[in-house]
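To start, the structure under review is shown below, and the notes come after it.
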Amino acid sequence: MAAQRNALVLGAGIMGLCTAWALTRAGWQVRVIEQAPIPNPRGASVDQHRLIRHAYGAQAGYMRMVDPAYAAWEMIWAALGARHYVETGVLALANHQGGWLAGSRAALRADGLSCVDLAPDQITKRFPMLSDTGIAAAFTLPRGGALLAERIVAGLAAHLATQGVVFEAAEVTAALPDRAALRLTNGVARSADLLVLAAGPWGPRLLGTRLTGRVVPSRQILVRLEAPPEFRAAWAAAPMLLDLAEDGGFYAVPPVAGTALKIGDHRFSRQGDAGADPREATPAEIEEILALARPRLIDAAGYRVLGAQACYYDVEDREEFILEAAAPACFVMSGFSGHGFKFAPLLGLALAAAAEDTALARALPGWAAGRDAPAPGLLAGLESTT
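Heads up: the sequence shown begins at 122 in this note's numbering, then just goes up one per residue.
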């Protein structure tokens, strides 16, 4: 009988956990190192929700990864015995005719995906809480929704513990890719047959030159609101809102499954320290988000702020994921730029396949960056859920 292979995963955010899940399925014995309780309240993955939808501007590669991502999530739901997802559909708006919305529309239709254009005067008729002032283009998509992120992270960690995954609470002072090893602050060294570095916004500090100039932490503000009474039912039935102005715009997640209405900045700040900065949002940061949303909301003054916080993303300049071999027995996962959560189970499965095959490891970066089709065998772990 062959000796069991051991994998060491740094980070118990969604990327680390989904990779641990995929490696466990492939027969690896996995240890996960995490610096804080799980879910880590300072982690990039930990918030009430993250979004999944096909609209991706002109990034057709990521658009084409969404259906396989849905299939990978079905595998997660089966493993957890719970479905932490709420379908909402999508409403995309823009104050100009070109840009992200036009790119999304063209890519969707080129691949035969249905999106329905709306004239500006239809917006308030269908969505009475929204103003149509300044809208130049809009469409809806029937599929898309909210992944309940905190519940997913907590549920997946609990499930993996029952599957033999070992969780170790520790901070790391150095990653040693060539040795597939980590050096911990308590002086202990951990090594394995395979090392996966999924440290989120802490990655650039640990990996130094490999990510310097490619990935930066980015402080992002989320504001939770209570709508005026006359609009609460409309918001409860609303699709996710992507309101993308030329200067970036904002997104809104309707109140689903007991969560609050949430709005966030679609722009990246590209600044901040994930380890040292406070997670509380300042009044000025809250006001900046509200200023983006007010022109779109009827009776904007009637909305009450329930809370606000900062989260940190690891942002790659082109918003392309970094999933690559840093050494023969070490993979780096980084640069997920706020939109990687939806793909985490799919990326985990691909990494587990690439860990067994050097040809797949070479093909992994181009596919993960949204540029290449998956190489044959890269998604072999994706079981049919139909």
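Just so you know, even glycine gets a beta-carbon here, dropped at the ideal spot from N, CA and C.
Residue environment: K246 is assigned as exposed (fewer than 16 neighbouring CB atoms within 10 Å of its CB, all protein chains considered).
Ranked by Cα distance from Y424, the first of P376, P350, E441 and R483 is P350. The straight-line gap separating the alpha-carbon atoms of A176 and R226 is approximately 8 angstroms. Relative to the Cα of G266, the nearest Cα in the group L363, R340 and G324 belongs to L363. When rounded, the separation of the alpha-carbon atoms in L499 and R126 is 20 angstroms. The C-beta of D242 has fewer than 16 other C-beta atoms within 10 Å across all chains shown, which makes the residue exposed. Scanning its chain for C-beta atoms nearer than 6 angstroms, with the 5 sequence neighbours on each side dropped, one finds around N216 the residues G255, A257 and A366, in chain order. Counting of Cβ neighbours within 10 angstroms places A397 among the exposed residues, the total staying below 16. In the DSSP assignment, R152 forms a beta bridge with L129 and V287. Taking C-beta atoms as the reference points, L144 and A128 count as a pair closer than 8 angstroms. Two segments are said to touch when three or more pairs of C-beta atoms, one from each, lie closer than 8 angstroms; by this definition the segment 434-441 touches the segment 458-475. At least 8 angstroms separates the beta-carbon of M250 from that of L467.
One thing to note: F462 has its Cβ within 8 angstroms of the Cβ of L268. For D420, the CB contacts under 7 angstroms within the same chain, skipping 5 residues up- and downstream, are P349 in chain order. Shown here for D168: same chain residues with a beta carbon closer than 7 angstroms to its own, the five before and five after excluded, namely A270, E271, L343 and C432 in chain order.
Three or more Cβ pairs closer than 8 angstroms define a contact, and the segment 333-342 falls short of that threshold against the segment 291-307. Classified as buried, P325 has 16 or more neighbouring CB atoms from the shown chains inside 10 Å of its CB. By the criterion of a C-beta distance shorter than 7 angstroms, V237 is surrounded in its chain by F260 and T261, once the five residues flanking it on both sides are discounted. Per DSSP, D188 is one residue of the alpha helix (DSSP H) stretching across A181 to L201.
Inter-residue distance for S235 and L229 is about 7 angstroms (C-alpha atoms, whole angstroms). Take the alpha-carbon of P399 and the one of I244: they are about 38 angstroms apart. Counting C-beta atoms within 10 angstroms of its own C-beta, T380 has 16 or more neighbours from the protein chains shown and is therefore classed as buried. Distances from the CA of L131 to each of W142, I154 and Y206 were compared; the closest alpha carbon is that of I154.
The criterion of a C-beta distance shorter than 8 angstroms is satisfied by L503 and P189.
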